[in-house]
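K.L.:
Starting off with a structure, shown below.
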Amino acid sequence: MRQFLHGLIAPGKVPTPTLPTPLDYAGLSREELTARITARKVERNAVILGHNYQRVEIQEVSDYLGDSLGLSQEAAATEADVIVFCGVHFMAETAKILSPEKTVLMPDLRAGCPMADFVTGPALRRLKEEHPDAAVVAYVNSTAEVKAESDVCCTSSNAVAVVKSIPRDQPIIFVPDRNLARYVQQRTGRDNIIAWDGYCYVHDDMVLDELARARKAHPNALVVVHPEARSELLEAADIVTSTAGMVDVAEKNDAVIFGTERGLVDRMKAQFPEKTFVPLSGAAVCGNMKLNTMAKLAWCLDHGRHEVVLDEAIRVRAHRALDRMLELSGGWSAPTQEEAALELAGVRPSGCGCS
Ligand code: SF4
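The C-terminal position of the sequence shown is numbered 1428 in the working numbering, with every residue numbered one higher than the one before it.
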């Protein structure tokens, strides 16, 4: 491996080594990177959490695979000192919220979630001032600061149940996904939900034309769409459900058109090669999730960067909003052996957002 030494050398001066960058690792082979990651993981007593939509090679070196909340909860239950979260920023924050005593690292700080970034703490505080009686429900795809400003969190699986638990005459501010908010509004029949105008570009960009083309090409296939998609897509779908629900549909049906991030579709196709599984849109790919690479992961473990740090007051308040959600949905329990095997194979994510 080449020397990591950068910087200009002034005449007569001893050169100062600077921190190498992930680019310095880019020339290493897959085997070298895997060996390096595996060794460092043991040295640091670290676990690697890989979201369902990570690159395959990252999934292969991950200790746990799953969705953001499930991964964070599994990590909180381990003895590891260090959590390396291969996902997007709000997910690493959620791990830190649940495991404040552990060091949480991210391979690439730019791996953010555009949907989460639609709403900030100060902007939400301003809306709360306009609606002082409203309860605030935050989709888990939100920053720690936004969770801290919220009364309760929700996932796409439990959003309807969480909203139903709030007195019917109390207004609700729902952040940040306008599409999920509209879906919940329809399912609960409430007319007092104030939806933030945010969205997931991966799901919001899917259009009716694509759905019609997919139906025409696969007339016998069921169309399942995630509630982060636009309402016209949900109306045209046979089933609207979270990724966990989509996995159930996949297990029970031979032909399915999936309206969600295509990483899930590809993995289910690998699991059930004899079935006809197609993405509703070939363009439904989350580039933010794919920013993490093996080179960045090896760099991250070598140098203990980038650490996720949260203000303690924010962390405690955000934890409270997550706890309320878990109380409402009967808490979280570790997957059974059978479910864990399916999760490892990538076919049973437990269904929180961006999934
Ligand atoms: S898929 Fe959508 S919600 Fe998930 S990280 Fe990407 S932009 Fe965010």
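Heads up, the beta-carbon is just placed ideally off N, CA and C, and yes, glycines get one too.
Measuring only the C-alpha atoms, how far is Val1275 from Glu1133?
P.N.:
24 Å
K.L.:
What is the DSSP secondary structure of Asp1339, reduced to helix, strand or coil?
P.N.:
helix
K.L.:
Can you tell me which residues form a DSSP beta bridge with Ala1302?
P.N.:
Bridge partners of Ala1302: none, in fact.
K.L.:
Look at Leu1284 and Ala1309 and say whether their C-beta atoms are less than 8 Å apart.
P.N.:
Yes, the Cβ-Cβ distance between Leu1284 and Ala1309 is below 8 Å.
K.L.:
Nearest-angstrom Cα distance between Ala1407 and Asp1154?
P.N.:
Residue placement at Ala1407 cannot be trusted, given a pLDDT of 44 that sits under 50; what the coordinates show is reported in the next sentence. Straight-line measurement puts the Cα of Asp1154 at about 20 Å from the Cα of Ala1407.
K.L.:
Going by DSSP, name the residue or residues bridged to Leu1380.
P.N.:
The identity of residue 1380 in the sequence shown is Glu, whereas the question assumes Leu. Glu1380 pairs with Leu1178.
K.L.:
Return the CA-CA distance between Lys1363 and Tyr1126, expressed in angstroms with no decimal places.
P.N.:
8 Å
K.L.:
Quick one, which of Leu1383, Leu1138 and Ala1357 has its alpha-carbon nearest Val1298's?
P.N.:
Ala1357
K.L.:
Just to confirm, are Thr1193 and Glu1152 a CB contact at a threshold of 8 Å?
P.N.:
no
K.L.:
Count the other CB atoms, across all protein chains shown, that sit within 10 Å of the CB of Asp1097; report buried if there are 16 or more and exposed otherwise.
P.N.:
Looking at its Cβ environment, which holds 16 or more other Cβ atoms inside 10 Å, Asp1097 is buried.
K.L.:
In chain order, which alpha helix (DSSP H) runs of at least 4 residues are fully inside the stretch 1345-1400?
P.N.:
1367-1376
K.L.:
Considering only the beta carbon of each residue, do Ala1184 and Asn1365 sit closer than 8 Å?
P.N.:
yes
K.L.:
Any idea which residues DSSP pairs His1124 with across the strands?
P.N.:
Gly1139
K.L.:
Cβ-heavy atom distance between Val1275 and ligand 1 below 7 Å?
P.N.:
yes
K.L.:
If distances are taken between C-alpha atoms only, which option among Glu1130, Ile1121 and Phe1350 comes closest to Glu1105?
P.N.:
Glu1130
K.L.:
Compute the Euclidean distance between the alpha carbons of Pro1093 and Asp1190, then round it to the nearest angstrom.
P.N.:
29 Å
K.L.:
Does Gln1243 pass the burial test, meaning 16 or more other C-beta atoms within 10 Å, or should it be called exposed?
P.N.:
exposed
K.L.:
Would you identify the three-state DSSP class for Val1236, choosing helix, strand or coil?
P.N.:
helix
K.L.:
Residue ranges of each beta strand (DSSP E) run of no fewer than 3 residues wholly in the stretch 1235-1265, ordered along the chain?
P.N.:
1245-1248
K.L.:
Say yes only if the C-beta of Glu1334 is nearer than 7 Å to one or more non-hydrogen atoms of ligand 1, and no if none qualify.
P.N.:
Flag set: Cβ of Glu1334 near ligand 1.
K.L.:
Considering Cα atoms alone, identify which of Arg1241, Val1280 and Thr1216 is closest to Pro1249.
P.N.:
Selection Arg1241, Val1280 and Thr1216 evaluated against Pro1249 yields Thr1216 as nearest (Cα-Cα).
K.L.:
Rank Leu1122, Asn1231, Val1280 and Ile1239 by C-alpha distance to the C-alpha of Tyr1256 and give the top, closest one.
P.N.:
Cα-wise, what sits closest to Tyr1256 is Asn1231.
K.L.:
Relative to the alpha-carbon of Val1233, which residue among Val1157, Phe1247 and Ser1223 has its alpha-carbon at the smallest distance?
P.N.:
Phe1247
K.L.:
With 16 other CB atoms within 10 Å as the buried threshold, where does Arg1044 fall?
P.N.:
Nothing can be reported for residue 1044, as the shown portion of the chain is limited to 1074 through 1428.
K.L.:
Quick one: give me the first and last residue of the beta strand (DSSP E) that Tyr1274 is part of.
P.N.:
Unbroken run through Tyr1274 is the alpha helix (DSSP H), Tyr1274 to Asp1277; no beta strand (DSSP E).
K.L.:
CA-CA distance, Val1389 and Ala1108?
P.N.:
In this model, Val1389 and Ala1108 are separated by some 37 Å (Cα to Cα).
K.L.:
Between the beta-carbon of Met1398 and the beta-carbon of Cys1273, is there less than 8 Å?
P.N.:
no
K.L.:
Is the separation between the beta-carbon of Leu1306 and that of Gly1332 shorter than 8 Å?
P.N.:
yes
K.L.:
Whole angstroms is fine: what's the gap from Glu1347's alpha carbon to Glu1166's?
P.N.:
39 Å
K.L.:
Given a threshold of 16 other Cβ atoms within 10 Å of its Cβ, counted over all protein chains shown, does Arg1251 qualify as buried or as exposed?
P.N.:
buried
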